[in-house]
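Visitor: Just so it is clear: in the sequence shown, position 345 is 345 by the working numbering, and no numbers are missing.
For glycine and all other residues, C-beta sits at the position ideal for the given N, C-alpha and C.
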Amino acid sequence: MRRIYGRSRAWRFSFGPLIVLLLFASPARPQTSAPIDPQTPAIVNGTVVDETGAAIAGAKVSLIHDDTSAGLDVLTSADGHFSCPSVPAGRFRLTVSAPGFANQTVTGVLKPGDVLTLPPVRLTVTIGNVDVDVTVTRVELAEQQLKEQTQQRLFGVLPNFRVSYRADAVPLTGRQKFKLTWKSVTDPTRFVGAAVVAGIQQARNDFSGFGPGADGYARRYAAFYGTTFTAAMVSNALLPTLFKQDPRYFYKGTGGTTSRVAYALSRAVVRKADNRRWQPDYSRILGSFASGALSNLYYPAEDRRSARLTFENAAFGIGGAAVGNLFQEFLFRKLTTHSRRSTDDQ
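(1) What does the alpha-carbon distance come out to for the pair alanine 55 and threonine 68?
(2) Determine the direct distance from the alpha carbon of methionine 233 to that of alanine 198, and round the result to whole angstroms.
(3) Less than 8 angstroms separating the beta-carbons of aspartate 50 and proline 112?
(4) What are the start and end residues of the beta strand (DSSP E) that includes isoleucine 56?
(5) Taking the alpha-carbon positions, what's the leucine 326 to tyrosine 299 distance?
(6) So is proline 280 buried or exposed if we call it buried at 16+ other beta carbons inside 10 Å?
(7) State the DSSP-derived secondary structure class of arginine 91, mapped to helix, strand or coil.
(8) Taking the DSSP output, what are the residues bridged to glutamine 279?
(9) Let me confirm a value: glutamine 39 is counted as buried when at least 16 other C-beta atoms fall within 10 Å, else exposed. Which label applies?
(10) Pull up the CB-CB distance for leucine 180 and arginine 162, whole angstroms please, since I reckon it's below 8 angstroms.
(11) So what does DSSP say about leucine 22, is it helix, strand or coil?
(12) If you measure between the beta carbons of phenylalanine 289 and alanine 268, is that distance less than 8 angstroms?
(13) Return yes when the C-beta of leucine 141 is under 7 angstroms from any heavy atom of the ligand SAM, and no when it is not.
(14) DSSP on serine 62, reduced to helix/strand/coil?
(15) Restricting to runs no shorter than 4 residues, where is the alpha helix (DSSP H) found entirely within the segment 174-198?
(16) Do the segment 240-251 and the segment 326-340 make contact, defined as three or more Cβ pairs closer than 8 angstroms?
(17) Helix, strand or coil, according to DSSP, for leucine 158 in the structure here?
(18) Measure the C-alpha to C-alpha separation of serine 259 and alanine 102 and round it to an integer number of angstroms.
(19) Label glycine 317 either buried or exposed according to how many other C-beta atoms from any shown protein chain fall within 10 Å of its C-beta, with 16 as the threshold for buried.
(20) With respect to the beta strand (DSSP E) encompassing alanine 42, which residues constitute its N-terminal and C-terminal limits?
(21) What does a CB cutoff of less than 8 angstroms around arginine 175 pick up in its chain, not counting 5 residues either side in sequence?
(22) Under a three-way DSSP split, which group does phenylalanine 250 fall into?
Written as structure tokens, this is what we have:
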């Protein structure tokens, strides 16, 4: 009996500590965290940049909650960063806008207490800004086409500047209209032509009030060149700028002979506006009468014939333009140097 009792005590002393260790080593019961209040607001952060990755400061960020229709507007900082605090949980729609850029919209879903950082919102340049660049390029393109035109010469000598062989001709600015007209009327061949006409008038004793000799010739020369200069500047530069009309003849070159003849004759009283629409040629018609009236000042009193000379000069100017257009449409292009350069690009 004593032996059995000894074993019993030994067992208790050997297994007792083991049981204690097993009790302390048993896994702890998981602790449950307190549930998040569904009303806990979220936060939305982000950055607004352009296409190059540069930050856009002052961009407007508008956040709308789909369920509550609540709205919030913030502006980006100098580094393009924005933060929308106190956003209710649920679906949201975020719209970013900035002057000169197209709007960008981002959507998402927020959980209560979320702190959401969006990827960078990239804004692209709007079409309106591209139009401004095109307007600048259009002026430069008109200058390039004008340079081509001022190289056009009949037989390589006589200026044939005021005709465009381009189907895509760009409207000219007011400055370019004056530049084109000035270059035409001050070409050396114009002075030579005036000298020949004055010589013919001298030989026939036209405008006898100018008298004979070198003095009479000089007056005829000045009167004829003055009339030509005035008519060109008024009809092809001043009035086209005021009425926004293009002073050039636009070569047709297509269609039947009848349609081209009708087109050429009608362009003496019809002119293309800067908006590329055809309208009555106020510039040429009014310019013919204005320059005709001014030409009276260049001639002797006995040769002015009051209004008669004015109407004669006006009719001569319009009729001469019609005949000149026919030559432009059917003949001059073949005889004009550098004209092919203008058509090959079409």
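Guide: For this structure:
(1) 31 angstroms
(2) 21 angstroms
(3) no
(4) From DSSP, isoleucine 56 is part of no beta strand (DSSP E); its letter is neither H nor E.
(5) 31 angstroms
(6) exposed
(7) strand
(8) Arg271
(9) exposed
(10) 7 angstroms
(11) For leucine 22, the predicted model reports a pLDDT of 43, less than 50, meaning its position is unreliable; a value from the coordinates is still stated below. Helix.
(12) no
(13) As far as ligands go, the structure on display features none, and thus does not contain the ligand SAM.
(14) strand
(15) 174-185
(16) yes
(17) strand
(18) 47 angstroms
(19) buried
(20) 42-49
(21) none
(22) strand
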